[in-house]
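This report refers to the structure that appears directly beneath it.
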Amino acid sequence: MERTYSCVIALLAGVILAFGSATAAAADPGFYLGGSIGSSLVEDEDDIDIEDEVEEFDLDDDDFGWKAYVGFQFLPWLGVEGGYVDFGEVEESTTNLNVSAGLDGWDAFAVGTIPIAFVDLFAKVGVISYDIDVDFDTDDFDDSFSSSGEDLAYGVGAAVNLGNFGIRAEAERFDISDIDDLYLLSVGAVLRF
Numbered sequence: 412m413e414r415t416y417s418c419v420i421a422l423l424a425g426v427i428l429a430f431g432s433a434t435a436a437a438a439d440p441g442f443y444l445g446g447s448i449g450s451s452l453v454e455d456e457d458d459i460d461i462e463d464e465v466e467e468f469d470l471d472d473d474d475f476g477w478k479a480y481v482g483f484q485f486l487p488w489l490g491v492e493g494g495y496v497d498f499g500e501v502e503e504s505t506t507n508l509n510v511s512a513g514l515d516g517w518d519a520f521a522v523g524t525i526p527i528a529f530v531d532l533f534a535k536v537g538v539i540s541y542d543i544d545v546d547f548d549t550d551d552f553d554d555s556f557s558s559s560g561e562d563l564a565y566g567v568g569a570a571v572n573l574g575n576f577g578i579r580a581e582a583e584r585f586d587i588s589d590i591d592d593l594y595l596l597s598v599g600a601v602l603r604f
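Residue 412 is where the sequence shown starts when you use the working numbering, and the numbers rise one by one after that.
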């Protein structure tokens with residue numbers, strides 16, 4: 412029985428190594444384009460002053476998010492990338508207040524990569540220039556405001572390289588001062604040139 416397990420493990424290891432060496436290698440230096448879809452997660456506790464009354468609300472919602480980006484890999488372990496990210500629109504309602512917030516921005520990152528066979532593990536740090544549009548209303552009052560600025564952003568992920576094409580999954584955190592927590596969890600495709 413133990414010998415059967417050893418044979419199965421050896422066979423699986425051989426198939427994985429053959430697949431990896433035959434179809435892909437770590438990403439080569441050069442330009443790449445990518446796009447991803449996923450889920451944006453927003454958490455924020457705040458007070459809104461509406462007609463001299465302070466209304467507390469907890470914004471805790473998620474929505475469909477997406478991004479498009481371009482990058483350049485200088486070395487197998489170092490690159491830069493930048494792009495546009497749309498976090499969608501999150502909503503929250505209390506007894507007296509309805510709040511909706513639309514978020515998007517432009518980001519730029521330095522990307523450090525650890526290539527392992529046909530998989531690249533990466534971490535990135537950079538900045539986001541963001542725009543937030545917030546609408547809130549009560550039974551007898553509607554208002555809105557906008558906020559914009561630049562703040563830190565960072566993330567981690569993995570990419571499976573299949574020649575010039577890759578599949579990428581990542582988790583990013585955007586440290587926006589107007590929001591307690593903002594994340595984007597995404598999966599997408601990369602085309603290398």
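Cβ atoms here follow ideal geometry from the backbone N, Cα and C, with glycine treated the same way.
For this session: Indicate the three-state DSSP secondary structure (helix, strand or coil) for S588 in the structure shown.
Result: Coil.
For this session: Given a cut-off of 8 Å, decide if L593 and G449 are closer than it, judged by their beta-carbon atoms.
Result: no
Problem set entry | Buried versus exposed call for F585 [16 or more other C-beta atoms within 10 Å across all chains shown] | Within a 10 Å sphere around the beta-carbon of F585 sit 16 or more other beta-carbons, which makes this residue buried.
For this session: Report the residue from V538, V522, D546 whose alpha carbon sits nearest the alpha carbon of V510.
Result: D546
For this session: Given a cut-off of 8 Å, decide if Y480 and G516 are closer than it, judged by their beta-carbon atoms.
Result: no
Exercise. Taking L573 as the reference, which of R603, A582, I590, F556 has the closest Cα?
Worked result: R603
Exercise. With DSSP run on the structure shown, which of helix, strand or coil describes A512?
Worked result: strand
For this session: Give the straight-line distance between the Cα atoms of G441 and E503, rounded to the nearest whole angstrom.
Result: 43 Å
Exercise. What residue from A580, I525, K478, D544 has the CA that sits closest to A570's CA?
Worked result: The candidate whose alpha carbon is nearest that of A570 is A580.
Exercise. Is it buried or exposed for E492, if we count other Cβ within 10 angstroms and need 16 for buried?
Worked result: When all chains shown are included, E492 counts as buried.
Problem set entry | Rounded straight-line distance, which links the Cα of D544 to that of S555 | 7 Å
Exercise. Within this structure, are the beta carbons of A536 and F520 separated by less than 8 Å?
Worked result: In the sequence on display, residue 536 carries Val and not Ala. Yes, Cβ-Cβ distance for V536 and F520 is below 8 Å.
For this session: Work out the CA separation of G499 and D472 for me, nearest whole Å.
Result: Whole-angstrom Cα-Cα distance: 11 Å.
Exercise. Closest to Y565 by CA distance: which of D542, G523, F576 is it?
Worked result: Out of D542, G523, F576, the CA that lies nearest to the CA of Y565 is found in G523.
Exercise. With distances taken from CA atoms, which of I590, D589, G568, I587 is nearest A600?
Worked result: G568
For this session: Quick one: grab the DSSP three-state call for N572.
Result: strand
Problem set entry | Span of the beta strand (DSSP E), counted from its first residue to its last, around A534 | 530–548
For this session: Taking 8 Å as the cut-off, decide whether the C-beta atoms of W477 and S447 are in contact.
Result: yes
For this session: Less than 8 Å between the CB atoms is what I'm expecting for D455 and I590, so what's the real figure, rounded?
Result: Indeed they touch by this definition, with Cβ atoms about 5 Å apart.
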